[in-house]
Amino acid sequence: MSEILVLVEQAEGEVKKVTLELLTLARSLGTPAAVWAGPGITPEAKARLAEYGAETIYVASSSDIVDHVVAPKAELLAQLVAAKSPAAVLVAATAEGKEVAGRLAVKTDSGVITDAVGLGEGFVADQSIFGGGVNVHSRVRRGTPIVAVRPNSTAPETAPGAGAEEEVTVALTDAARSARVVERVKQQKGARPELTEAAIVVSGGRGVGSAESFSVIEGLADALGAAVGASRAATDAGWYPHQFQVGQTGKTVSPQLYIAAGISGAIQHRAGMQTAKTIIAINKDPEAPIFELADYGVVGDLHQVVPQLTEEVTKRK
2 MSEILVLVEQ AEGEVKKVTL ELLTLARSLG TPAAVWAGPG ITPEAKARLA
52 EYGAETIYVA SSSDIVDHVV APKAELLAQL VAAKSPAAVL VAATAEGKEV
102 AGRLAVKTDS GVITDAVGLG EGFVADQSIF GGGVNVHSRV RRGTPIVAVR
152 PNSTAPETAP GAGAEEEVTV ALTDAARSAR VVERVKQQKG ARPELTEAAI
202 VVSGGRGVGS AESFSVIEGL ADALGAAVGA SRAATDAGWY PHQFQVGQTG
252 KTVSPQLYIA AGISGAIQHR AGMQTAKTII AINKDPEAPI FELADYGVVG
302 DLHQVVPQLT EEVTKRK
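Going by the working numbering, 196 is the number at position 195 of the sequence shown; the sequence numbering is gapless.
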(Lines of atoms letter the chains of each structure in order from A; the text may use other names.)
(Lines give C-alpha, C1' and ligand atoms only; values in the text may rest on other atoms or scores of the structure.)
Protein backbone atom coordinates (compact mmCIF):
# COMPACT_ATOMS: atom_id res chain seq x y z
CA MET A 2 0.00 0.00 0.00
CA SER A 3 1.08 3.58 -0.65
CA GLU A 4 2.73 5.55 2.11
CA ILE A 5 0.79 8.30 3.88
CA LEU A 6 2.75 10.95 5.76
CA VAL A 7 1.45 12.06 9.17
CA LEU A 8 2.95 15.17 10.77
CA VAL A 9 3.45 14.43 14.47
CA GLU A 10 1.95 16.84 17.01
CA GLN A 11 3.91 16.64 20.24
CA ALA A 12 4.68 18.59 23.38
CA GLU A 13 8.02 18.10 25.15
CA GLY A 14 8.45 14.70 23.56
CA GLU A 15 4.95 13.47 24.36
CA VAL A 16 2.88 12.47 21.33
CA LYS A 17 -0.51 14.17 21.28
CA LYS A 18 -3.72 12.20 20.91
CA VAL A 19 -4.57 13.79 17.57
CA THR A 20 -1.47 12.17 16.04
CA LEU A 21 -2.69 8.74 17.10
CA GLU A 22 -6.02 9.55 15.46
CA LEU A 23 -4.25 10.53 12.22
CA LEU A 24 -2.19 7.34 12.22
CA THR A 25 -5.37 5.31 12.69
CA LEU A 26 -7.02 7.16 9.80
CA ALA A 27 -3.95 6.77 7.59
CA ARG A 28 -3.87 3.04 8.31
CA SER A 29 -7.32 2.64 6.78
CA LEU A 30 -6.12 4.17 3.52
CA GLY A 31 -2.48 3.16 3.17
CA THR A 32 0.77 2.68 5.06
CA PRO A 33 1.25 5.26 7.85
CA ALA A 34 4.59 7.05 8.13
CA ALA A 35 5.10 9.51 10.99
CA VAL A 36 7.12 12.70 10.48
CA TRP A 37 8.85 14.03 13.61
CA ALA A 38 9.87 17.67 13.10
CA GLY A 39 12.61 18.91 15.42
CA PRO A 40 14.74 17.51 18.24
CA GLY A 41 13.52 15.67 21.32
CA ILE A 42 12.19 12.35 20.08
CA THR A 43 12.34 9.75 22.84
CA PRO A 44 12.21 5.95 22.86
CA GLU A 45 8.77 6.25 24.48
CA ALA A 46 7.55 8.50 21.65
CA LYS A 47 8.88 6.09 19.02
CA ALA A 48 7.17 3.18 20.75
CA ARG A 49 3.92 5.16 20.92
CA LEU A 50 3.99 5.95 17.20
CA ALA A 51 4.77 2.35 16.31
CA GLU A 52 1.99 1.13 18.62
CA TYR A 53 -0.55 3.01 16.51
CA GLY A 54 0.71 1.79 13.17
CA ALA A 55 3.66 3.90 12.04
CA GLU A 56 5.71 1.67 9.76
CA THR A 57 8.36 4.36 9.30
CA ILE A 58 9.27 7.33 11.49
CA TYR A 59 11.03 10.10 9.59
CA VAL A 60 13.04 12.13 12.12
CA ALA A 61 14.33 15.59 11.23
CA SER A 62 16.12 16.42 14.47
CA SER A 63 17.57 19.80 13.49
CA SER A 64 16.78 22.51 16.03
CA ASP A 65 16.39 24.94 13.10
CA ILE A 66 12.96 23.44 12.47
CA VAL A 67 11.55 24.57 15.81
CA ASP A 68 13.66 27.72 16.13
CA HIS A 69 11.77 29.27 13.22
CA VAL A 70 8.04 29.77 12.76
CA VAL A 71 5.93 27.20 10.81
CA ALA A 72 7.71 27.45 7.44
CA PRO A 73 10.45 24.85 8.21
CA LYS A 74 7.82 22.14 8.80
CA ALA A 75 6.27 22.87 5.42
CA GLU A 76 9.69 22.67 3.75
CA LEU A 77 10.46 19.39 5.52
CA LEU A 78 7.20 17.87 4.31
CA ALA A 79 7.74 19.24 0.79
CA GLN A 80 11.14 17.52 0.62
CA LEU A 81 9.62 14.25 1.83
CA VAL A 82 6.80 14.51 -0.72
CA ALA A 83 9.37 14.97 -3.49
CA ALA A 84 11.56 12.10 -2.25
CA LYS A 85 8.92 9.55 -1.16
CA SER A 86 5.92 10.32 -3.42
CA PRO A 87 3.35 9.58 -0.71
CA ALA A 88 -0.32 8.99 -1.47
CA ALA A 89 -1.30 11.83 0.88
CA VAL A 90 -0.17 14.03 3.76
CA LEU A 91 -2.27 14.31 6.93
CA VAL A 92 -1.89 17.06 9.52
CA ALA A 93 -3.97 18.12 12.51
CA ALA A 94 -6.46 20.93 11.81
CA THR A 95 -4.91 23.21 14.42
CA ALA A 96 -4.01 26.82 13.68
CA GLU A 97 -0.40 25.82 12.97
CA GLY A 98 -1.36 22.60 11.18
CA LYS A 99 -3.61 24.43 8.73
CA GLU A 100 -0.90 26.97 7.98
CA VAL A 101 1.60 24.16 7.36
CA ALA A 102 -0.96 22.51 5.04
CA GLY A 103 -1.48 25.70 3.05
CA ARG A 104 2.25 26.36 2.65
CA LEU A 105 2.86 22.74 1.67
CA ALA A 106 0.12 22.88 -0.97
CA VAL A 107 1.79 25.89 -2.59
CA LYS A 108 5.23 24.26 -2.50
CA THR A 109 4.03 20.99 -4.04
CA ASP A 110 1.41 22.49 -6.40
CA SER A 111 -1.21 20.33 -4.73
CA GLY A 112 -4.77 20.67 -3.50
CA VAL A 113 -5.51 21.10 0.19
CA ILE A 114 -8.56 20.29 2.32
CA THR A 115 -8.93 21.75 5.81
CA ASP A 116 -11.21 20.91 8.74
CA ALA A 117 -12.01 17.43 7.47
CA VAL A 118 -14.03 15.32 9.89
CA GLY A 119 -13.74 12.10 7.90
CA LEU A 120 -11.67 10.61 5.10
CA GLY A 121 -12.71 7.72 2.90
CA GLU A 122 -11.50 5.71 -0.06
CA GLY A 123 -9.93 7.84 -2.76
CA PHE A 124 -9.16 10.44 -0.07
CA VAL A 125 -12.68 11.84 -0.24
CA ALA A 126 -13.08 14.09 2.79
CA ASP A 127 -16.17 14.98 4.78
CA GLN A 128 -16.33 18.71 5.58
CA SER A 129 -18.62 21.29 7.14
CA ILE A 130 -18.48 24.59 5.23
CA PHE A 131 -20.12 28.06 5.14
CA GLY A 132 -20.04 28.39 8.89
CA GLY A 133 -21.33 24.87 9.37
CA GLY A 134 -24.40 25.40 7.19
CA VAL A 135 -23.49 22.80 4.55
CA ASN A 136 -21.88 19.35 4.71
CA VAL A 137 -19.90 18.33 1.64
CA HIS A 138 -17.63 15.63 0.27
CA SER A 139 -14.37 17.01 -1.16
CA ARG A 140 -11.47 15.51 -3.07
CA VAL A 141 -8.14 16.92 -4.21
CA ARG A 142 -7.84 16.84 -8.00
CA ARG A 143 -4.20 17.83 -8.45
CA GLY A 144 -0.95 16.79 -6.88
CA THR A 145 -0.62 15.07 -3.50
CA PRO A 146 -3.75 15.32 -1.32
CA ILE A 147 -2.98 17.41 1.76
CA VAL A 148 -5.67 17.06 4.40
CA ALA A 149 -5.99 18.83 7.75
CA VAL A 150 -8.22 16.70 10.01
CA ARG A 151 -10.05 17.97 13.06
CA PRO A 152 -9.03 16.43 16.39
CA ASN A 153 -11.44 13.84 17.81
CA SER A 154 -12.80 12.98 14.36
CA THR A 155 -11.38 9.45 14.50
CA ALA A 156 -11.16 7.08 17.45
CA PRO A 157 -7.49 6.04 17.87
CA GLU A 158 -6.92 2.29 17.65
CA THR A 159 -3.71 0.36 18.23
CA ALA A 160 -2.26 -1.79 15.44
CA PRO A 161 1.51 -2.21 15.86
CA GLY A 162 3.75 -1.09 13.02
CA ALA A 163 7.47 -1.57 12.45
CA GLY A 164 8.36 1.94 13.63
CA ALA A 165 11.58 1.93 11.62
CA GLU A 166 13.43 5.19 12.23
CA GLU A 167 14.90 7.06 9.29
CA GLU A 168 16.94 10.21 9.85
CA VAL A 169 16.09 13.08 7.50
CA THR A 170 18.19 16.14 6.74
CA VAL A 171 16.28 19.23 5.71
CA ALA A 172 17.86 22.13 3.83
CA LEU A 173 15.96 25.23 4.87
CA THR A 174 15.70 28.23 2.57
CA ASP A 175 16.44 31.76 3.73
CA ALA A 176 12.69 32.49 3.51
CA ALA A 177 11.96 29.74 6.02
CA ARG A 178 14.46 31.29 8.43
CA SER A 179 13.01 34.80 8.17
CA ALA A 180 10.91 34.56 11.35
CA ARG A 181 12.69 33.27 14.44
CA VAL A 182 11.31 32.18 17.80
CA VAL A 183 13.09 34.37 20.38
CA GLU A 184 11.34 33.27 23.55
CA ARG A 185 9.09 30.50 24.82
CA VAL A 186 6.83 30.92 27.82
CA LYS A 187 5.47 27.72 29.29
CA GLN A 188 1.75 27.91 29.95
CA GLN A 189 0.64 26.46 33.23
CA LYS A 190 -1.39 23.36 32.55
CA GLY A 191 -4.40 22.63 34.71
CA ALA A 192 -5.98 19.30 35.53
CA ARG A 193 -8.54 19.59 32.74
CA PRO A 194 -7.82 18.15 29.28
CA GLU A 195 -6.85 20.41 26.39
CA LEU A 196 -9.94 21.92 24.78
CA THR A 197 -9.30 20.81 21.19
CA GLU A 198 -8.42 17.24 22.22
CA ALA A 199 -10.97 16.63 24.96
CA ALA A 200 -13.47 13.81 24.55
CA ILE A 201 -16.05 15.82 26.53
CA VAL A 202 -16.53 19.60 26.45
CA VAL A 203 -18.87 21.66 28.65
CA SER A 204 -19.40 25.19 27.33
CA GLY A 205 -21.16 28.20 28.80
CA GLY A 206 -22.64 31.19 27.04
CA ARG A 207 -24.47 34.43 27.68
CA GLY A 208 -26.99 32.58 29.84
CA VAL A 209 -24.32 31.93 32.50
CA GLY A 210 -24.72 35.55 33.50
CA SER A 211 -21.32 36.45 34.99
CA ALA A 212 -17.70 35.41 35.42
CA GLU A 213 -18.43 34.15 38.93
CA SER A 214 -21.26 31.95 37.67
CA PHE A 215 -18.89 30.08 35.35
CA SER A 216 -18.01 28.00 38.41
CA VAL A 217 -21.24 26.09 37.66
CA ILE A 218 -19.89 25.15 34.22
CA GLU A 219 -16.48 24.27 35.67
CA GLY A 220 -18.08 22.07 38.33
CA LEU A 221 -19.87 19.94 35.73
CA ALA A 222 -16.74 19.78 33.58
CA ASP A 223 -14.66 18.55 36.51
CA ALA A 224 -17.25 15.93 37.42
CA LEU A 225 -17.15 14.61 33.84
CA GLY A 226 -13.38 14.94 33.37
CA ALA A 227 -14.13 17.42 30.61
CA ALA A 228 -12.66 20.59 29.15
CA VAL A 229 -14.38 23.95 29.59
CA GLY A 230 -15.42 26.04 26.60
CA ALA A 231 -17.24 29.34 26.15
CA SER A 232 -19.19 31.18 23.50
CA ARG A 233 -17.97 34.41 21.96
CA ALA A 234 -20.58 36.37 23.94
CA ALA A 235 -19.14 35.02 27.18
CA THR A 236 -15.52 35.70 26.27
CA ASP A 237 -16.26 39.18 24.87
CA ALA A 238 -17.99 40.00 28.14
CA GLY A 239 -14.82 39.04 30.00
CA TRP A 240 -16.47 36.15 31.83
CA TYR A 241 -13.99 33.55 30.57
CA PRO A 242 -10.56 33.76 28.84
CA HIS A 243 -10.57 34.05 25.05
CA GLN A 244 -8.39 30.97 24.57
CA PHE A 245 -11.42 28.89 25.58
CA GLN A 246 -13.74 30.36 22.95
CA VAL A 247 -15.43 27.76 20.74
CA GLY A 248 -16.64 28.94 17.36
CA GLN A 249 -15.74 30.19 13.92
CA THR A 250 -13.37 32.83 15.31
CA GLY A 251 -12.27 30.64 18.22
CA LYS A 252 -11.37 26.98 18.49
CA THR A 253 -12.96 24.11 16.62
CA VAL A 254 -13.79 21.05 18.70
CA SER A 255 -15.17 17.65 17.77
CA PRO A 256 -15.63 15.75 21.05
CA GLN A 257 -17.65 12.64 21.75
CA LEU A 258 -19.95 14.74 23.96
CA TYR A 259 -20.60 18.50 23.84
CA ILE A 260 -22.78 20.17 26.46
CA ALA A 261 -23.92 23.72 25.60
CA ALA A 262 -25.34 25.55 28.61
CA GLY A 263 -26.90 28.98 28.15
CA ILE A 264 -25.76 29.16 24.51
CA SER A 265 -28.34 30.28 21.95
CA GLY A 266 -26.64 28.49 19.07
CA ALA A 267 -25.70 31.26 16.63
CA ILE A 268 -24.13 30.01 13.41
CA GLN A 269 -20.73 31.35 14.53
CA HIS A 270 -20.72 29.06 17.55
CA ARG A 271 -22.21 26.09 15.72
CA ALA A 272 -19.36 26.17 13.20
CA GLY A 273 -16.93 25.34 15.99
CA MET A 274 -18.74 22.40 17.58
CA GLN A 275 -21.38 20.90 15.31
CA THR A 276 -19.29 17.85 14.42
CA ALA A 277 -19.44 16.63 18.03
CA LYS A 278 -20.75 13.08 18.15
CA THR A 279 -23.46 13.88 20.74
CA ILE A 280 -24.74 17.36 21.62
CA ILE A 281 -26.76 18.25 24.71
CA ALA A 282 -28.28 21.73 24.95
CA ILE A 283 -29.52 23.42 28.12
CA ASN A 284 -31.41 26.65 27.54
CA LYS A 285 -34.47 28.32 29.06
CA ASP A 286 -35.60 29.54 25.61
CA PRO A 287 -37.42 26.68 23.85
CA GLU A 288 -36.96 28.49 20.51
CA ALA A 289 -33.14 28.74 20.82
CA PRO A 290 -31.45 27.67 17.54
CA ILE A 291 -29.13 25.32 19.45
CA PHE A 292 -32.03 22.88 19.86
CA GLU A 293 -32.12 22.36 16.07
CA LEU A 294 -28.63 20.87 16.33
CA ALA A 295 -28.88 19.08 19.66
CA ASP A 296 -29.37 15.34 20.09
CA TYR A 297 -30.86 15.99 23.54
CA GLY A 298 -32.33 19.21 24.86
CA VAL A 299 -33.30 20.48 28.30
CA VAL A 300 -35.54 23.55 28.47
CA GLY A 301 -34.75 25.14 31.79
CA ASP A 302 -32.56 27.50 33.79
CA LEU A 303 -28.97 26.24 33.60
CA HIS A 304 -28.39 27.44 37.17
CA GLN A 305 -30.92 24.85 38.32
CA VAL A 306 -30.26 22.11 35.75
CA VAL A 307 -26.46 22.04 35.71
CA PRO A 308 -25.93 21.69 39.49
CA GLN A 309 -28.43 18.81 39.55
CA LEU A 310 -26.64 17.16 36.65
CA THR A 311 -23.29 17.63 38.40
CA GLU A 312 -24.69 16.03 41.54
CA GLU A 313 -25.99 13.00 39.63
CA VAL A 314 -22.70 12.53 37.77
CA THR A 315 -20.77 12.73 41.05
CA LYS A 316 -23.05 10.12 42.66
CA ARG A 317 -22.39 7.63 39.87
CA LYS A 318 -18.62 7.85 39.96
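Note that the Cβ used here is the ideal one computed from N, Cα and C, for glycine as well. Please read all numbers here as calculations on a predicted model, not as lab measurements.
Run the CB neighbour count on residue i, radius 10 Å, all protein chains shown included, and call it buried at 16 or more, exposed below.
| i | result |
| --- | --- |
| Ala172 | exposed |
| Glu213 | exposed |
| Glu22 | buried |
| Lys316 | exposed |
| Asn153 | buried |
| Arg271 | buried |
| Ala27 | buried |
| Val92 | buried |
| Pro274 | Checking the sequence shown, residue 274 turns out to be Met, not Pro. Buried. |
| Val182 | exposed |
| Pro87 | buried |
| Ala117 | buried |
| Pro287 | exposed |
| Asn284 | buried |
| Arg142 | exposed |
| Thr159 | exposed |
How close, in whole Å, do the beta carbons of residue i and residue j come, if the pair is a contact with beta carbons under 8 Å?
| i | j | result |
| --- | --- | --- |
| Gly164 | Lys47 | 6 Å |
| Glu167 | Ile58 | 7 Å |
| Gln269 | Gly301 | About 24 Å separates the two Cβ atoms, so there is no contact after all. |
| Ala228 | Val202 | 5 Å |
| Ser3 | Gly31 | 5 Å |
| Val70 | Val36 | Contact flag wrong, Cβ pair sits at about 18 Å. |
| Pro33 | Gly14 | About 20 Å separates the two Cβ atoms, so there is no contact after all. |
| Leu105 | Val90 | 7 Å |
| Leu225 | Val314 | 6 Å |
Could you spell out where the alpha helix (DSSP H) holding residue i opens and where it closes?
| i | result |
| --- | --- |
| Pro290 | Here Pro290 belongs to no alpha helix (DSSP H), and DSSP marks it neither H nor E. |
| Asp65 | 65-68 |
| Gln269 | 268-271 |
| Ser62 | Taken as a continuous stretch (DSSP letters only), Ser62 belongs to no alpha helix (DSSP H), as it is neither H nor E. |
| Gly31 | It is not in any alpha helix (DSSP H) - Gly31 carries neither H nor E in the DSSP assignment. |
| Asp127 | That residue, Asp127, is in no alpha helix (DSSP H); its beta strand (DSSP E) goes 125-130. |
| Gly98 | 96-109 |
Under 7 Å, do residue i and residue j count as touching if we go by C-beta distance?
| i | j | result |
| --- | --- | --- |
| Thr255 | Thr236 | Correcting the residue identity first, residue 255 is Ser in this sequence and not Thr. Not in contact: Ser255 and Thr236 (Cβ atoms no closer than 7 Å). |
| Ala289 | Gly266 | yes |
| Gln128 | Ser111 | no |
| Ile147 | Ala102 | yes |
| Pro161 | Glu52 | yes |
| Ala72 | Ala177 | yes |
| Gly210 | Ile264 | no |
| Ile291 | Ala261 | yes |
If you follow the beta strand (DSSP E) that residue i is in, where does it begin and where does it stop?
| i | result |
| --- | --- |
| Ala72 | Looking at the DSSP string, Ala72 is not in any beta strand (DSSP E); the run it does join, the alpha helix (DSSP H), is 72-85. |
| Val307 | Looking at the DSSP string, Val307 is not in any beta strand (DSSP E); the run it does join, the alpha helix (DSSP H), is 303-316. |
| Leu1 | The structure shown has nothing for residue 1, since the chain only spans 2 to 318. |
| Ala48 | Premise fails: Ala48 lies in the alpha helix (DSSP H), 44-52, not in any beta strand (DSSP E). |
| Thr236 | Careful: Thr236 lies outside any beta strand (DSSP E), inside the alpha helix (DSSP H) at 233-237. |
| Glu184 | Note, Glu184: premise wrong, no beta strand (DSSP E); not H, not E. |
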